[in-house]
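Colleague:
Spelled out as structure tokens, the structure:
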């Protein structure tokens, strides 16, 4: 009878070495980066550089990508709601002109 091959399994509580791109970011690190990336133009530039750059922390890169996706979704939502708003306003102005004859 053959025994199962012995595989090395890394202990669950062992962190990657400090300075590694897989080292976890702290909570205050997330808060600081989110504040920086939410500054209107500067933050978008920083988020783009971090999201599409090759170096740096995997955590920061994923955070930057998530923020850029959120920004794109927000812009799409603003465009759609603006189009809907102007459509309703133009229809209301037509109704007011017909009803009141102005």
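Residue numbers (our numbering): 44 to 145. Where a beta carbon is used, it is the ideal one built from N, C-alpha and C, also for glycine. All of these numbers come straight from a predicted model, not from anything done at the bench.
#1: Leaving out five residues on either side along the sequence, give the residues of the same chain with a beta carbon under 7 Å from the beta carbon of residue 93.
#2: Relative to the C-alpha of residue 83, which residue among 60, 67, 70, 114 is closest?
#3: For residue 56, does the three-state DSSP call read helix, strand or coil?
#4: Less than 8 Å between the beta carbons of residue 116 and residue 90, yes or no?
Modeller: To lay it out plainly:
#1: 99, 103, 104, 107
#2: 114
#3: coil
#4: no
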